[in-house]
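Notes for the one structure printed next.
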Amino acid sequence: MAEQDFPGWHGTTIIGVRKGGEVVIAGDGQVSLGQTVIKGTARKVRRISPGGYDVVCGFAGSTADAFTLLERLEKKLESTPGQLQRAAVDLAKDWRTDKYLQKLEAFLIVSDGKDLYVITGAGDVLEPEHDVTAIGSGGNYALAAARALMDSDMSAEEIARRAMGIAADICVYTNGNLTVESLKA
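139 is the number that numbering that gives the first Met the number 0 gives to position 140 of the sequence shown; each next residue is one higher, with no gaps.
So this is what it looks like as structure tokens:
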């Protein structure tokens, strides 16, 4: 089978919502290969605690690549405790300049309960303009839904859950099996 004929892995919608002194990161559980759902219960949102400092991370892309990046982020946080922005920027710099890391295909959403960032392999550390960010195949659907709900009386978690439900209804690579983690500022 030629490389261009391989259907490729698809899946994942991850959303981060900051509202009312709380940040919630939620992700679905679906992993697909071509037109086949391989797994419906993948856990793409994790809590890490380097040095007792809680950070929630959600990832989209290759799982092995994402875990490599999570380990690197954890080491950066251990060397700069309580400084998520600095650790995220250092990770993005390494990701962009290290020949091994440049080949990793993943995106991360990270939060310490106060700050919320998207980290990309292009060297970007992006803070969402409207306190909502999303990545993955259904990310744009979840982002649009969450932004529409931000002015409501719903909590950050309620917005994240509802937005993920809408994304799951639209994106065939997203399911309703959610992992949700939250942190208070």
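The C-beta atom is built at its ideal place from N, Cα and C for all residues, glycine as well. Quick caveat: nothing in here was measured; it's all calculated off a predicted structure.
| Query | Result |
| --- | --- |
| Other residues of its chain near residue 117: CB distance less than 6 Å, five sequence neighbours each side excluded | 108, 125 and 132 |
| Under the three-state DSSP convention, the category residue 110 falls into | strand |
| Straight-line Cα distance separating residue 33 from residue 7 | Only weak support exists for where residue 7 lies, its pLDDT of 49 falling under 50; the value from the coordinates is given anyway. Each residue's alpha carbon lies about 6 Å from the other. |
| Cβ separation of residue 155 and residue 18, assumed to be a contact under 8 Å, to the nearest whole Å | 4 Å |
| Per DSSP, cross-strand counterpart(s) of residue 58 | 107 |
| Element boundaries [alpha helix (DSSP H), containing residue 42] | Careful: residue 42 lies outside any alpha helix (DSSP H) and carries neither H nor E. |
| Nearest-angstrom Cα separation, counted from residue 174 out to residue 128 | 27 Å |
| Same chain, Cβ closer than 6 Å to residue 39, neighbours up to 5 away in sequence not counted | 28, 29, 174 and 176 |
| Contact check, residue 47 vs residue 69, beta carbons under 8 Å | yes |
| Identity of the residue in 144, 119 and 102 nearest residue 88 by Cα | 119 |
| Terminal residues of the beta strand (DSSP E) in which residue 116 lies | 115 to 118 |
| Which of helix, strand or coil DSSP assigns to residue 5 | Per-residue confidence for residue 5 stands at a pLDDT of 40, beneath the threshold of 50, marking its modelled position as unreliable; the derived number appears in the next sentence. In this structure, residue 5 counts as coil in the three-state DSSP scheme. |
| For residue 0, three-class secondary structure by DSSP | Confidence is the limiting factor: at residue 0 the pLDDT is only 37, short of 50, which leaves the residue's position unreliable and the question unanswerable from this model. |
| Where the alpha helix (DSSP H) through residue 92 begins and ends | 83 to 96 |
| Short Cβ contact (8 Å threshold) for residue 54 with residue 110 | yes |
| Buried or exposed by the 16-neighbour rule on C-beta atoms within 10 Å, applied to residue 81 | exposed |
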